[in-house]
Structure formats: C-alpha cells, structure tokens
Amino acid sequence: MVTKFLLTGKIYKYISYFICCILVAFLIISLSACTYSSKSEVETVRITKQIGDEIALETFDLKIRGAEEDKLISSYYGSTAYATDGFKFVLVVLELKNTTDKEFEYIPDLKLEDKSGREFYPYPNTIGNINNHIEKRKLSPGISEIGYLIYEIYEDCESYSIIASNEEKNERYEVNIK
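Under my numbering, read the sequence shown as residues 1053 to 1230, first letter to last.
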C-alpha cells in the first residue's frame, strides 16, 4: 500500500501543500509583528497648558476659560441637580472653535483627572440642568462657541486638570484647573 502511494506521486503533492501552508503562516506572523512594533515605538508627548491657552485638536481649537465648584446645578427652565453625597460639581467654561469646513455636533471627550490619577468623565445629565451647556452643541466652521462642561468629582479632590488629546500628533494636553 505504501509503495503504491509513493509510486503515484501523491506524497510529493501533499508535502508541497504542507510547505506552502507553513510559508504563508510564517509570512503572516512576520508582517503582523512588524506592524505591531512600529506602532509601539511612538510615544505620546505631554504638554502642560494654562487656563486661557489655546489647544489645537484634530477638529477644533479648545480654550478653557475658567472653572468653579458647586454642590448643585440649575437652569432657568429646567430642574436643579444636586451632587451625590461625597461629591461636588466642577463647572468648566470652554470655548470651542470648529476648524473643519463642515458643521458637527460636539460630543465631549475631555476627561478630568485629579492629582492621584482618578479620572472623571462629563456629567451625563447636564441638558435641562444648566443654562449654556456645550455638549451636543452644533459647531459651525470658524465660529467660536462658549459653554459649560460639567463634571461630578469626589469632594476630596483638591487639585485636578482637564485632559485633552490630539491623536494625530500623539499629544496629551493637561490644563491645571485647581
């Protein structure tokens, strides 16, 4: 039986298929390793800015004009929201300018980070709870818009910064608020 198999040449056919499969697998692994290593070499540059400094991001320019703390937020026609026990609100005044040629809706991706590294994201219930909120606002090209972005943070946070990133340039901006 083995002699008949060897004589027909089928073994050479299967060996060549096996070698081709191994070469293709090796090529795929090599290419994926090259792609991974090139991405890991890029380091993010940390840049410290002050309140009032302009930061150029991918689609808009950002300027933090100020901030204040409070235990409640309210609007003329909406309702009042109270900070959860053990928390406080930080009301950050932003100025945004659309640097693209098309209108878009601003979805906040700025985070607030305290000195111990805790991260906070924008308070989700600002619409209806504060006048002049900036989230979900339509930004027209070249027009500056000013409004509030709200964070709910622990009461024990004494020093914190707003963090913004420019992914295209691998830059991380930190604006010390308090």
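Beta carbons: idealized from backbone N, C-alpha and C, even for Gly.
### Cβ shell of Glu1165 (< 7 Å), same chain only, five flanking positions each side left out
Counting only Cβ-Cβ distances below 7 Å, and skipping sequence neighbours, we find Glu1171, Tyr1212, Ser1213 and Ile1215.
### Task
Taking Leu1124 and Thr1132 to be in contact with their CB atoms under 8 Å, please state how far apart those CB atoms are, rounded to whole angstroms.
Going by Cβ atoms, the distance from Leu1124 to Thr1132 rounds to 6 Å, so yes, they are a contact pair.
### Query
Between the Cα of Leu1114 and the Cα atoms of Gly1180, Glu1155, Leu1162 and Val1142, which residue gives the shortest distance?
When only C-alpha atoms are compared, the closest one is Leu1162.
### Query
What's the C-alpha gap between Glu1226 and Pro1176?
The C-alpha of Glu1226 lies about 22 Å from the C-alpha of Pro1176.
### Message
Can you tell me whether Ala1108 is buried or exposed? The criterion is at least 16 other CB atoms within 10 Å of its CB, across all chains shown.
### Response
Flag for Ala1108 reads exposed.
### Task
From the DSSP output, in three-state form, read off Asn1183 for me.
Note: Asn1183 maps to coil in three-state DSSP.
### Message
So, for Pro1160: in the same chain, excluding its five sequence neighbours on each side, which residues have a beta-carbon less than 6 Å away from its beta-carbon?
### Response
Counting only Cβ-Cβ distances below 6 Å, and skipping sequence neighbours, we find Pro1174, Glu1187 and Leu1201.
### Query
Taking the continuous beta strand (DSSP E) assigned at Ala1119, which residues delimit it?
Following the DSSP letters along the chain, one finds Ala1119 inside the beta strand (DSSP E) bounded by residues Phe1112 to Asp1122.
### Task
Reducing DSSP to helix, strand and coil, say where Asn1222 ends up.
In the structure shown, Asn1222 sits in coil (DSSP, three-state: anything other than H, G, I, E or B).
### Message
Checking 8 Å against the spacing of the C-beta atoms, do Ile1099 and Glu1223 come in under that value?
### Response
Yes, they are a contact pair.
### Query
If we count the other Cβ atoms within 10 Å of its Cβ and call it buried at 16 or more, is Val1097 buried or exposed?
It is exposed - the Cβ of Val1097 has fewer than 16 other Cβ atoms within 10 Å.
#### Entry: Buried or exposed by the 16-neighbour rule on C-beta atoms within 10 Å, applied to Asn1181
With 16 or more other Cβ atoms from the protein chains shown falling within 10 Å of its own Cβ, Asn1181 counts as buried.
### Message
Considering Cα atoms alone, identify which of Thr1111, Ser1126, Val1145 and Cys1209 is closest to Lys1167.
### Response
Among Thr1111, Ser1126, Val1145 and Cys1209, the Cα nearest to that of Lys1167 is on Cys1209.
### Task
For Gly1130, collect the residues of the same chain with a Cβ closer than 7 Å to its Cβ; drop the 5 residues on either side in sequence, then sort them by chain order.
Cβ neighbours of Gly1130 beyond the five flanking positions: Gly1180 and Asn1181.
### Task
Sort out for me which residues DSSP pairs Pro1193 with in a bridge.
Under DSSP, Pro1193 takes part in a beta bridge, and its partners are Asn1150.
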